[in-house]
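Read through the structure below, which is laid out as structure tokens, and then see the notes.
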Amino acid sequence: MPVILILPSSVADQIAAGEVVERPSSVVKELVENAMDAGATVIEISLEDGGRRLIRVSDDGTGINSEEVPRALARHGTSKITKASDLVGVSTFGFRGEALPAIASVSQFEIQSAAADGEGTSTRVLGGQISPAERIARRRGTTVTVSQLFYNMPARLKFLRSARSEWRSAVESLTALALTKPGVRIHLSHDGKNALTLPPVSSIRSRLGAIWGGRYAEDLLDVDDVAGPIHTSGLVQRPADVGTSTRRGFLSINGRAVRDAGIGRAVEAAYRSTIVAGVRPSFFINVTVPADAVDVNVHPSKAEVRFRDRWNVERAVETAVRRSLGTLDSAASLGFRGSSFIFRPDTIPPNPDSEILRPPIDHDSPLFAGGTSAAEIDGAEYATAVSTADVSAPAQPIPPLFQLRHTYIAFEHEDGLVLIDQHSAHERVLYEQFMHTLESGAAPAQRLLLPLTLHLGPAEGEAFDSNREYLERLGFEVEGFGGHTLIVNTVPMPHPRFDAERCLRETLDSLTGDRVAGAAAKHERLAATVACKAAIKAGEELSQAEMRSLFAALRDTTLPAHDVHGRSTIVHLTWDEVERRFGRR
Amino acid sequence: MAASIPAKTTLPVLANILLETTDKGIKLSGTDLDIAVSTEVMADVETAGAVTVPAKKLSEIARELPPAPVKIAAVGEQRVTLDCGRSRFKLLGLPRDEFPTFPSVRFNESWRIRSGDLQQLISHTSFAVSSEESRPILNGVLWELRPDKMRMVATNGHRLAKMEMPINSANAPASDLIVPPKALEQVRRLFPAEEELEIARGDNHIGFRSPFTAVFTRLIEGPYPNYEQVIPKDNDRVAIADKLALASALKRMSVIASDQTHRIRLSFNSGMLKFSVQTPDLGEAQDELPIRYTGDQLDIGFNASYLLEILRYIPTDEVRLTFKAPERAATVEPEGWKDPASYMCLVMPLRLVD
Numbered sequence: 001m002p003v004i005l006i007l008p009s010s011v012a013d014q015i016a017a018g019e020v021v022e023r024p025s026s027v028v029k030e031l032v033e034n035a036m037d038a039g040a041t042v043i044e045i046s047l048e049d050g051g052r053r054l055i056r057v058s059d060d061g062t063g064i065n066s067e068e069v070p071r072a073l074a075r076h077g078t079s080k081i082t083k084a085s086d087l088v089g090v091s092t093f094g095f096r097g098e099a100l101p102a103i104a105s106v107s108q109f110e111i112q113s114a115a116a117d118g119e120g121t122s123t124r125v126l127g128g129q130i131s132p133a134e135r136i137a138r139r140r141g142t143t144v145t146v147s148q149l150f151y152n153m154p155a156r157l158k159f160l161r162s163a164r165s166e167w168r169s170a171v172e173s174l175t176a177l178a179l180t181k182p183g184v185r186i187h188l189s190h191d192g193k194n195a196l197t198l199p200p201v202s203s204i205r206s207r208l209g210a211i212w213g214g215r216y217a218e219d220l221l222d223v224d225d226v227a228g229p230i231h232t233s234g235l236v237q238r239p240a241d242v243g244t245s246t247r248r249g250f251l252s253i254n255g256r257a258v259r260d261a262g263i264g265r266a267v268e269a270a271y272r273s274t275i276v277a278g279v280r281p282s283f284f285i286n287v288t289v290p291a292d293a294v295d296v297n298v299h300p301s302k303a304e305v306r307f308r309d310r311w312n313v314e315r316a317v318e319t320a321v322r323r324s325l326g327t328l329d330s331a332a333s334l335g336f337r338g339s340s341f342i343f344r345p346d347t348i349p350p351n352p353d354s355e356i357l358r359p360p361i362d363h364d365s366p367l368f369a370g371g372t373s374a375a376e377i378d379g380a381e382y383a384t385a386v387s388t389a390d391v392s393a394p395a396q397p398i399p400p401l402f403q404l405r406h407t408y409i410a411f412e413h414e415d416g417l418v419l420i421d422q423h424s425a426h427e428r429v430l431y432e433q434f435m436h437t438l439e440s441g442a443a444p445a446q447r448l449l450l451p452l453t454l455h456l457g458p459a460e461g462e463a464f465d466s467n468r469e470y471l472e473r474l475g476f477e478v479e480g481f482g483g484h485t486l487i488v489n490t491v492p493m494p495h496p497r498f499d500a501e502r503c504l505r506e507t508l509d510s511l512t513g514d515r516v517a518g519a520a521a522k523h524e525r526l527a528a529t530v531a532c533k534a535a536i537k538a539g540e541e542l543s544q545a546e547m548r549s550l551f552a553a554l555r556d557t558t559l560p561a562h563d564v565h566g567r568s569t570i571v572h573l574t575w576d577e578v579e580r581r582f583g584r585r
Numbered sequence: 001m002a003a004s005i006p007a008k009t010t011l012p013v014l015a016n017i018l019l020e021t022t023d024k025g026i027k028l029s030g031t032d033l034d035i036a037v038s039t040e041v042m043a044d045v046e047t048a049g050a051v052t053v054p055a056k057k058l059s060e061i062a063r064e065l066p067p068a069p070v071k072i073a074a075v076g077e078q079r080v081t082l083d084c085g086r087s088r089f090k091l092l093g094l095p096r097d098e099f100p101t102f103p104s105v106r107f108n109e110s111w112r113i114r115s116g117d118l119q120q121l122i123s124h125t126s127f128a129v130s131s132e133e134s135r136p137i138l139n140g141v142l143w144e145l146r147p148d149k150m151r152m153v154a155t156n157g158h159r160l161a162k163m164e165m166p167i168n169s170a171n172a173p174a175s176d177l178i179v180p181p182k183a184l185e186q187v188r189r190l191f192p193a194e195e196e197l198e199i200a201r202g203d204n205h206i207g208f209r210s211p212f213t214a215v216f217t218r219l220i221e222g223p224y225p226n227y228e229q230v231i232p233k234d235n236d237r238v239a240i241a242d243k244l245a246l247a248s249a250l251k252r253m254s255v256i257a258s259d260q261t262h263r264i265r266l267s268f269n270s271g272m273l274k275f276s277v278q279t280p281d282l283g284e285a286q287d288e289l290p291i292r293y294t295g296d297q298l299d300i301g302f303n304a305s306y307l308l309e310i311l312r313y314i315p316t317d318e319v320r321l322t323f324k325a326p327e328r329a330a331t332v333e334p335e336g337w338k339d340p341a342s343y344m345c346l347v348m349p350l351r352l353v354d
């Protein structure tokens, strides 16, 4: 007897099945994908015992001709591609021709299909053994029933989890698919009970609303951005909401739900400095790339893809998300949002009255009488670096501003009342200035007549040593004086109320015990810390000129709506909400 | 007087003015606990007594009254009536016991200084004080009193102003005081220039008084930093420029200078001062001004607003600037000033990056 044998096809199918069919949820995924590929508008899914006993998927798609059913059940039987070159740019979910035979080989399988109303066939397969087809009458479409999954594979059967956990996994798979095709009606039942009905809708936001509730979907921000051939669209969470509910990540590439850690990281990178470390944002993103720029044929279940140019795709996603976080719309909102509006105009209005946080000028002083400055456009670089591009809004004048409780700046917007937290806002402005300084070289610094002497503890001394170069770039020119005594000769002057000694002390204090590796991370940490310490505090009274210049500077930042700790800088109370509270609606 | 009444206070009586009868008339007093001001007006006193009335309302009423004698009467301590011609007001006051007592300053060892001299000293120095809270000493003006001269110094650590003038007050002890600029401002405004003031020091207070008006203020506790040490003695490069021309060139440059640092670059060349400013994302500007300067070329960066501020107080048409090096202190002084007083400002340069 020869030692090497060719395995019978039923065994080969079972082995292949291991890759495609892992658990009931993979069956649901494969069958629903087939239904979607068949152009179904209604898909009904029933599960029993978490899919362990029964999975049935019915659709009203194109159906299969009676004579072609056996071919559909054969390995590599597919209608989706015909030659190898079709693999490049395949747009259907399936194409390998593996799913049906693989599922059929490990279950009690029945497929009923009709290409037109009336004439149909029913074919049963038991552990891969195909029985002859029977003629039946049915509507156009296909119904696949999978019972007793893995009945013939005890090893697999043992690894199935509880009905509850298999059910959850099946729902997850189905949810992802439902998001890729919001126009398909989906009906899911479990053990005969109706579990989920998703009406056909036109947008992913409405579909999310149907799955997790309208409020959840309402609170998400639109992402829509084109970078070269890469189009990123979808919804992301507001930074203020991140961490308040279950984190959900959904990514589809060219309409195919996939998992991709790299793009997930790119989305998270876009939130950097707007949310606290450790929490992760929810996102529902579809990336459209040219079909030949992505390879989906990496894995039988097609849950992973390969990009020809991964770096560009990740960067496009990060930019798109960051841009949507940069709109005022991303600020925490009270009540319901009206139409979205762009906070930052493309062109910064030359505003002769605005002066960056300069204290009020004595009007009786002759030399300063005309002491206005056009230099508030200092932050323009940030604005152009991430230009909001598409809309060329007319130059926005600065609205009348009011200070409330010496802490908030209020102004009227056409959509409602807007409040700015002065500390958070200034922190954001300074953070971006400092980041710019750290990356571009040294900032001008004021030499001190009476150098500051700081006596540091060992921990602060260490923090100073490890950040010395960057502190110097920010404008703190320091001489060591033996031990941990520092002589500070120059200090930055970000605004006239700046208290250099206190800022440096507090910065070093909060940097103690910091073990941030990498220059970029260090930059961010330092810029955020110094910005926090240098910013005007809550409770400081601001003059009209100071509020206006803060407003102008904030408007020019890339992420005006969030401070560096993930708190909101802007809260928005819509007219709708105001009117509702006054009983006008 | 009204300026010494705090706008907001936790102690209600501080919003009131104390009216007391004296042998000459009525004395009005107000305080915010840091500064206390009192002034006496001539009046015929029928009955001696004291009441407090809301300061704001009293001053509003006084403004609107017709030019006729006013009669103030009080029933008990809290009901005050005010009659003037046909007008009649009734105000609710607070008991005088609640009004804080003024600091005790004894005027037996006092300096005698002409108010106009003091006004000149105050107005030329107090602008330079710091507003940072972390170094409260620098929030005050240092006032050095000697038998034959007095000197005021103020700095925020970036620039310093110092003025000195001879006095003749041999009977008072030498003393160094650190005075809040707000109190000095009251002194500057309340006393007519030609009056001679008596000034005396208590434990933590200083008092200024003329025959009718008195101002008391808390002192800031020292010691003041050793400013003499940072005043450059060896600045060997000297430039003399027209003050107004220099100021207008600086103002032109400020248009383009960064709003945070107001940084401009000055390049001193033989006979010519060149200005330049570059602000990323905004633009740049240059200017030139003929000056009297003969040293080697010197490039130095400054906060233009500091220079402009100092130039406002320079009393002469020409200004004298001295330097040593781009990282050392520069001085600004009046050129050809015929005055018994001497004036000097000092400004620290900005780090130039390039």
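Listed in order, the protein sequences are those of chains R and E. Heads up: the first sequence runs through residues 1 to 585, numbered per my numbering. Heads up: the second sequence runs through residues 1 to 354, numbered per my numbering. Glycine included, each C-beta is placed from N, C-alpha and C at the ideal position.
By the rule that beta-carbons nearer than 8 Å mark a contact, residue 157 of chain E touches chain R. Note: residue 222 of chain R is bridge-paired with R:235 in the DSSP secondary-structure output. The residue among E:312, E:340, E:351 with its C-alpha nearest the C-alpha of residue 332 of chain E is E:312. Leaving aside the five residues that flank residue 565 of chain R on each side, the residues in its chain whose CB is nearer than 7 Å to its CB run, in chain order, 276.
Classified as buried, residue 205 of chain E has 16 or more neighbouring CB atoms from the shown chains inside 10 Å of its CB. Ranked by Cα distance from residue 169 of chain E, the options E:146, E:184, E:338, E:268 are led by E:146. Residue pairing from DSSP places residue 38 of chain E in a beta bridge opposite E:29, E:214. Within chain R, 499, 501, 502 have C-beta atoms less than 8 Å from the C-beta of residue 134 of chain E, given in sequence order.
Between residue 95 of chain E and the set E:14, E:127, E:175, the nearest pair of CA atoms involves E:14. Scanning the region 491 to 559 of chain R for uninterrupted beta strand (DSSP E) segments of 3 residues or longer gives nothing; none is fully contained.
Beta-carbon to beta-carbon, residue 38 of chain R and residue 142 of chain R are separated by about 7 Å, close enough to satisfy the 8 Å threshold.
Listed along chain E are 260, each with a C-beta nearer than 7 Å to that of residue 495 of chain R. One finds 258, 261, 263, 301, 350, 351, 352, 353 in chain E with Cβ atoms closer than 8 Å to the Cβ of residue 444 of chain R, taken in chain order. In the three-state reduction of the DSSP assignment, residue 130 of chain R falls in the strand class, which pools E and B. Under the Cβ criterion of 8 Å, residue 490 of chain R is counted among the residues facing chain E. Neighbours of residue 225 of chain E in chain R, taken as residues whose beta carbon is under 8 Å from its own, are 450 in chain order. Exclusion of the five residues before and after residue 136 of chain R leaves 112, 120, 121, 122 as the residues of its chain whose Cβ lies within less than 7 Å of its Cβ.
When only Cα atoms are considered, residue 252 of chain E and residue 285 of chain E end up about 8 Å apart. Between residue 61 of chain E and residue 140 of chain E, the C-beta spacing is not below 8 Å. Using a Cβ-Cβ cut-off of 7 Å, residue 585 of chain R is close to nothing in chain E; its nearest Cβ partner there is about 39 Å away.
In this structure, the straight-line span from the alpha carbon of residue 20 of chain E to that of residue 28 of chain E is close to 7 Å.
The distance from the Cβ of residue 569 of chain R to that of residue 563 of chain R is about 5 Å, consistent with a contact at the 8 Å cut-off. Here residue 282 of chain R is buried: its Cβ has 16 or more other Cβ atoms, across all protein chains shown, within 10 Å.
CA-CA distance, residue 50 of chain E to residue 16 of chain E, rounds to 12 Å.
Here DSSP, grouped into helix, strand and coil, assigns residue 413 of chain R to strand.
For residue 230 of chain E, the chain R residues whose Cβ falls inside 8 Å of its Cβ are 449, 450, in order along the chain. Runs of the alpha helix (DSSP H) spanning 4 or more residues and lying entirely within the region 269 to 351 of chain E occur at 304 to 313, in chain order. Under the DSSP definition of a beta bridge, residue 107 of chain E lacks any partner.
For residue 19 of chain E, the enclosing beta strand (DSSP E) covers residues 16 to 21.
The CB of residue 477 of chain R comes closer than 8 Å to the CB of 351 in chain E, given here in chain order.
In summary, residue 311 of chain R is exposed, with fewer than 16 beta-carbon neighbours lying within 10 Å of its beta-carbon over all protein chains present.
By the neighbour-count definition (other C-beta atoms within 10 Å, threshold 16), residue 127 of chain E is a buried residue. Within chain R, not a single residue places a beta-carbon under 9 Å from that of residue 307 of chain E; the smallest gap is close to 10 Å. In the three-state DSSP reduction, residue 51 of chain E falls in the strand class (E or B).
In the DSSP secondary-structure assignment, residue 175 of chain E is bridged to E:145. A Cβ-Cβ distance of about 3 Å is found for the pair residue 320 of chain R and residue 225 of chain R, placing them in contact under the 8 Å criterion.
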